[in-house]
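*Asks:*
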Amino acid sequence: MRFLTKKIEQNESDVIVSYIYEDAKNESEVFEYLDKLSNNELSKQIYEYKTIKGTLAETFKFSLNKDKKAIIVGLGKKEKLTRQKFAQCIASAGRCAKTIQGAKSIGFELLEHKTKCDCNYSNFEKHDCAKIIFTSARIGLYEFNKYLSDKKESIEAIELLENNLNQEIETAAQIGAYSSFAMKFAKDLINESAQIVTPEYVANLASEISKEHKLELKIYNKNQIKEMGMNAFLAVGQGSVNEPKFIHLKYKPKSTPRKKIALIGKGITFDSGGLDIKPAASMLTMKTDMSGAATVLGIIQAIAKIEPDIELHVISALCENMPSGSSYKQGDVVIAKNGKTIEIDNTDAEGRVTLADALCYADTLGVDEVIDIATLTGAVIVSLGHNITGVMGNNQKQIDNFIEMSKKCGENTWQMPILEEMKDNLKSEIADMKNTGGRNAGTSTAAWFLSNFTKSNSWLHLDIAGTAAPEKSNKETLKGPTGVMIRTLINYLIS
Ligand code: BES
Ligand code: MN
Ligand code: ZN
Numbered sequence: 110m111r112f113l114t115k116k117i118e119q120n121e122s123d124v125i126v127s128y129i130y131e132d133a134k135n136e137s138e139v140f141e142y143l144d145k146l147s148n149n150e151l152s153k154q155i156y157e158y159k160t161i162k163g164t165l166a167e168t169f170k171f172s173l174n175k176d177k178k179a180i181i182v183g184l185g186k187k188e189k190l191t192r193q194k195f196a197q198c199i200a201s202a203g204r205c206a207k208t209i210q211g212a213k214s215i216g217f218e219l220l221e222h223k224t225k226c227d228c229n230y231s232n233f234e235k236h237d238c239a240k241i242i243f244t245s246a247r248i249g250l251y252e253f254n255k256y257l258s259d260k261k262e263s264i265e266a267i268e269l270l271e272n273n274l275n276q277e278i279e280t281a282a283q284i285g286a287y288s289s290f291a292m293k294f295a296k297d298l299i300n301e302s303a304q305i306v307t308p309e310y311v312a313n314l315a316s317e318i319s320k321e322h323k324l325e326l327k328i329y330n331k332n333q334i335k336e337m338g339m340n341a342f343l344a345v346g347q348g349s350v351n352e353p354k355f356i357h358l359k360y361k362p363k364s365t366p367r368k369k370i371a372l373i374g375k376g377i378t379f380d381s382g383g384l385d386i387k388p389a390a391s392m393l394t395m396k397t398d399m400s401g402a403a404t405v406l407g408i409i410q411a412i413a414k415i416e417p418d419i420e421l422h423v424i425s426a427l428c429e430n431m432p433s434g435s436s437y438k439q440g441d442v443v444i445a446k447n448g449k450t451i452e453i454d455n456t457d458a459e460g461r462v463t464l465a466d467a468l469c470y471a472d473t474l475g476v477d478e479v480i481d482i483a484t485l486t487g488a489v490i491v492s493l494g495h496n497i498t499g500v501m502g503n504n505q506k507q508i509d510n511f512i513e514m515s516k517k518c519g520e521n522t523w524q525m526p527i528l529e530e531m532k533d534n535l536k537s538e539i540a541d542m543k544n545t546g547g548r549n550a551g552t553s554t555a556a557w558f559l560s561n562f563t564k565s566n567s568w569l570h571l572d573i574a575g576t577a578a579p580e581k582s583n584k585e586t587l588k589g590p591t592g593v594m595i596r597t598l599i600n601y602l603i604s
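Positions in the sequence shown are counted from 1; adding 109 to them yields the numbering used here.
Below you can see the structure in the form of C-alpha cells.
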C-alpha cells in the first residue's frame, strides 16, 4: 500500500471520499471539486433528492464520470461526531471502495471538526484527521486473502487530498502511515496458521526486522533460557515439539534517549490449554494467543521509521502450550527468574507464567517504564466485552496518561483494579503463589500475579483477550485480528 498526500486537482484517485453531516452542508474544496466533475449532479442527489441522509457511517457511491467515482460518507449529527466515530466512517468508506470494480486508488478529503465540546476526543484538526484516515482506511481495506484462490483486485494507494498541505499534516500523515503498516503487519501475523507461526518462525521474523531496521537483537534458545533462570517460562513450553524462543529487540535513538521503555508481548503461538485442555470451541481461535507479540513487533518497526528520541526494548517469551507426555503438570512448582515460586493450579493460565519471566528480564534493562500487552484472561471479555481493553498497573499517573492517549486515538480502554486482597485468591500451601484462583475477578487476579514479577514502579498491563481478535465485527474492524492498541501505543511512546 502506498500512502500519499496530494493537492486536490492533482489527485490520481479512482475513488474520492467526501463527507456529509446529518445537519450541515459540506462546502469544502474537495466537495466542490467533486460536484463540478459531476456537473452539480452530486449536490442535487444529496441535498435535493436526499439519496443519503448522512447518518453515521452510511455510504453513497456515485459515478462522477467514466474514470472517477465518489463515495459520500455520513458523519451523523455534527455535535455528536468523535474521533472514534470518524474512524468508523473512514473504515466504512474503505469497505465500500472495495466493492468498486477496478479501483486501484482512493483519495480522502481532509476534514477539520470543531464542536462546542472542549475535549479532544470530539474535536480534530486536519493533521489529526490525516492520521485517522491513513490508519482507518487501511483497516477498511484490509483482507487476509493469502489462502484464497480467488483473490479480488485491491486498492494499492491511499491519498490525502488537501490544497493547504503543511509540515504538521505531513508529519502526522507519516505517523499514520507507519502505524497503519504496523497494524497490517500484526494482523497478518495473527491471522497466519499456528503450524507456520511457531516460536522459531517469530524469532526469524525478529531477525529480519532487526536487519531491515538496524536494531539490536538477542534471541535466546531453550538452553540459554534455562541458563538465565527463566524456568517458569520454560515449563509452559515443555510439552511442545516446537522449542521456545525468547526475543529481545532494541531501538536506540541517535541522540540521548528522553525515556526508556520496555514493551512485552505475550507470545503463546498456540494455546491448547495444555493438560487442562480447552474445549474445542474455545481452542478454535487460539492461534491468536500471540497477538501481544505481533503487536510489539509491529510497533518497533513503526518506531524505527518514526525515529523518536526514546529507547525502546521489545520482548517476547515465545512458546506453545500443548498437552503431551512432557507437559508441565497441575501441582508442579516452577521457579521464576526472580526466585519466586509458582504452584501450577491450571496449565491453561500459561500466559502469566511466561510473562512472569519476561517481566523479570525487563527489570535488568534499566528502563523507566515497562508495558506488557497480552491476550491474558477470558474474564476480561466477561467484564468489558470485545471492544474495550483492560488497563491495569502500579502507577496511576502512567495509567491516566495511557487512557487519555487511547481516547485521543479512538480506542476504548477501561481501568481495572489491582488490590492487595487478590493475594488471597492465589494463596498456595507449597509455593509463594498459585497461578490461578477461582473464577472471580479473573482479570485483576492475573494482573496481581504479574505485579509480583516486576520491580518497576511504572508498570502498565494491557489485557487484550477481548479486543485482539474478536469473533464479532465492531464498527471499525471486521471480525478477526484488529491490531488493537497499536495506534495508542505508538502515539504514547512518541509523546
Ligand atoms: N489465552 C487465554 C485467554 C483468552 C481467552 C484469550 C479467550 C482470548 C480469548 C488464556 O491463556 C487462558 O486460557 N486463560 C484462562 C485462565 C483461567 C484458566 C484462570 C481463562 O481465561 O479461561
Ligand atoms: Mn490459556
Ligand atoms: Zn493463553
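Glycine included, each C-beta is placed from N, C-alpha and C at the ideal position.
With a threshold of 8 Å, establish whether the CB of Met514 neighbours any heavy atom of the ligand BES.
*Replies:* By 1-based counting over the sequence shown, the position of residue 514 is 405. Every heavy atom of the ligand BES is 8 Å or more from the Cβ of Met514, so no.
*Asks:* If you count every other CB in all the chains shown that lies within 10 Å of the CB of Cys228, and 16 or more means buried, which is it?
*Replies:* As a working mapping, residue 228 is identified with position 119 in the sequence shown. It counts as exposed.
*Asks:* Here's a check: name, in chain order, each residue in its chain whose Cβ is nearer than 7 Å to the Cβ of Ser302, leaving out the five neighbours to either side.
*Replies:* As a working mapping, residue 302 is identified with position 193 in the sequence shown. These residues qualify, in order along the chain: Lys396.
*Asks:* Who are the Cβ neighbours of Lys235 in its own chain at under 6 Å, not counting the five residues just before and after it?
*Replies:* Taking the sequence shown and counting its residues from 1, one reaches residue 235 at position 126. So the qualifying residues of the chain are Leu219, Glu221, Ile278.
*Asks:* Terminal residues of the continuous beta strand (DSSP E) containing Tyr360?
*Replies:* For this step, residue 360 is matched to residue 251 along the sequence shown. Per DSSP, Tyr360 belongs to the beta strand (DSSP E) from 354-360.
*Asks:* Flag Lys581 as yes when its Cβ comes closer than 8 Å to any non-hydrogen atom of the ligand BES, and as no otherwise.
*Replies:* Counting from one through the sequence shown, the residue named residue 581 turns up at place 472. No, the beta carbon of Lys581 sits no closer than 8 Å to any heavy atom of the ligand BES.
*Asks:* Whole angstroms is fine: what's the gap from Gly382's alpha carbon to Asp457's?
*Replies:* For this step, residue 382 is matched to residue 273 along the sequence shown. For this step, residue 457 is matched to residue 348 along the sequence shown. In a straight line, the C-alpha of Gly382 is about 4 Å away from that of Asp457.
*Asks:* Whose C-beta lies closer than 8 Å to the C-beta of Lys387 among residues of the same chain, with five residues either side of it excluded?
*Replies:* For this step, residue 387 is matched to residue 278 along the sequence shown. Taken in chain order, the residues that qualify are Asp380, Ser381, Met395, Asp457.
*Asks:* Taking only heavy atoms of the ligand MN into account, decide whether any of them is closer than 8 Å to the Cβ of Asn430.
*Replies:* Within the sequence shown, residue 430 is the residue found at index 321, counting from 1. It does: the Cβ of Asn430 is within 8 Å (strictly closer) of some heavy atom of the ligand MN.
*Asks:* Scan the region 491-539 and note each continuous alpha helix (DSSP H) run of 4 residues or more that stays entirely inside, going in chain order.
*Replies:* 505-517, 531-534
*Asks:* Would you mind sorting Asp176 into buried or exposed? The rule is 16 or more other CB atoms within 10 Å of its CB.
*Replies:* On the sequence shown, position 67 is the one that residue 176 refers to. So Asp176 counts as exposed.
*Asks:* If you run the structure through DSSP and keep just helix, strand and coil, what is Met594?
*Replies:* The count along the sequence shown starts at 1 and reaches residue 594 at position 485. Reduced to three states, the DSSP call for Met594 is coil.
*Asks:* Determine the closest residue to Gly407 out of Ser567, Ser289, Asn561, with distance taken between C-alpha atoms.
*Replies:* As a position in the sequence shown, residue 407 is number 298, starting the count at 1. Closest by alpha carbon: Ser289.
*Asks:* If Ala577 and Val593 are in contact, beta carbons under 8 Å, what's the gap, nearest whole angstrom?
*Replies:* Taking the sequence shown and counting its residues from 1, one reaches residue 577 at position 468. Taking the sequence shown and counting its residues from 1, one reaches residue 593 at position 484. Yes, Ala577 and Val593 are in contact; Cβ-Cβ is about 6 Å, under 8 Å.
*Asks:* Rounded C-beta distance between Gly216 and Ser122? I'm assuming under 8 Å.
*Replies:* Stepping through the sequence shown from its first residue, residue 216 is reached at position 107. Stepping through the sequence shown from its first residue, residue 122 is reached at position 13. About 3 Å separates the two Cβ atoms, so the contact holds.
*Asks:* Can you check which of these residues, Ile599, Gln505, Ile539, Met531, is closest to Leu569 by C-alpha distance?
*Replies:* Counted from its first residue, the sequence shown places residue 569 at position 460. The shortest C-alpha separation from Leu569 is found at Gln505.
*Asks:* For Leu298, which residues of its own chain have a beta-carbon under 6 Å away from its beta-carbon, when the five flanking residues on both sides are left out?
*Replies:* Residue mapping note: residue 298 aligns to position 189 of the sequence shown, counting from 1. Within the same chain, Leu298 has close Cβ partners Ala403.
*Asks:* Please tell me whether Lys588 has its Cβ less than 9 Å away from any Cβ of chain C.
*Replies:* The chain labelled as chain C is not found in the depicted structure, where only one protein chain is given.
*Asks:* Is any non-hydrogen atom of the ligand MN found closer than 8 Å to the C-beta of Gly374, if you look at the structure I gave you?
*Replies:* Here residue 374 is taken as the residue at index 265 of the sequence shown, counted from 1. Checking every heavy atom of the ligand MN against the Cβ of Gly374, none is found closer than 8 Å.
*Asks:* Taking DSSP's pairing of strands, which residues face Ser127 in a bridge?
*Replies:* What you label residue 127 is simply residue 18 of the sequence shown in a count that begins at 1. Ser127 pairs with Ile181.
*Asks:* Which term fits Arg111, buried or exposed, when burial requires 16 or more other beta carbons within 10 angstroms of its beta carbon?
*Replies:* Locating residue 111 in the sequence shown gives position 2, counting from the first residue. By the 16-neighbour rule on beta-carbons within 10 angstroms, Arg111 is exposed.
*Asks:* Which residues mark the beginning and the end of the beta strand (DSSP E) in which Ile373 is found?
*Replies:* Position 264 of the sequence shown holds residue 373. 369-374 is the span of the beta strand (DSSP E), which, as asked, contains Ile373.
*Asks:* Going along the chain, which unbroken runs of the alpha helix (DSSP H) with 4 or more residues stay wholly within the region 261-315?
*Replies:* 276-300
*Asks:* Below 8 Å, can you find three or more Cβ-Cβ pairs linking the region 334-349 to the region 255-272?
*Replies:* no
*Asks:* Quick one: what's got a C-beta closer than 7 Å to Asn174's C-beta in the same chain, skipping five residues either side?
*Replies:* Taking the first residue of the sequence shown as position 1, residue 174 is located at position 65. Once the five neighbours on either side are set aside, the close Cβ partners of Asn174 are Leu146.
*Asks:* If we ignore side chains and look at the alpha-carbon of each, how far apart do Lys588 and Gln197 end up?
*Replies:* Position 479 of the sequence shown holds residue 588. Position 88 of the sequence shown holds residue 197. Going from the Cα of Lys588 to the Cα of Gln197 covers about 14 Å.
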